[in-house]
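Note sheet for the following structure.
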Amino acid sequence: LPDDWPDELYPLRKDSMDYRQRPAPTTDAETYEFINELGDKKNNVVPIGPLHVTSDEPGHFRLFVDGENIIDADYRLFYVHRGMEKLAETRMGYN
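FYI, in this note's numbering the residues of the sequence shown are 10 to 104.
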């Protein structure tokens, strides 16, 4: 779900979502605030993503390294739409 999705709205629950009405349209944030955007004088930032050959799902990672040691990491996941859950609910027999 988008970062600004209302907390009280559950899209997969039939009792809480009226599909005739849609949430008000929103826009994505211009930028995502990663920690320590540019690194500092001692550590380098290594960006990985948003797509990488070894990941099952797109994600954006920033590794903070000191030589070959990873000191810290920041990540942002869930770029993929979760429509498969909606398709599966009619086949799985649960509500």
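Built from N, CA and C at the ideal position, the CB exists for glycine as well. In this text, all values refer to a predicted model and were calculated from it rather than measured experimentally.
- Residue 56: member of the beta strand (DSSP E) spanning 53-57, first to last residue.
- Listed as beta-bridge partners of residue 72 by DSSP are 55 and 82.
- Only residues of its own chain outside the window of five on either side were considered, and among them 57, 58, 82 and 84 have a CB closer than 7 Å to the CB of residue 70, listed in chain order.
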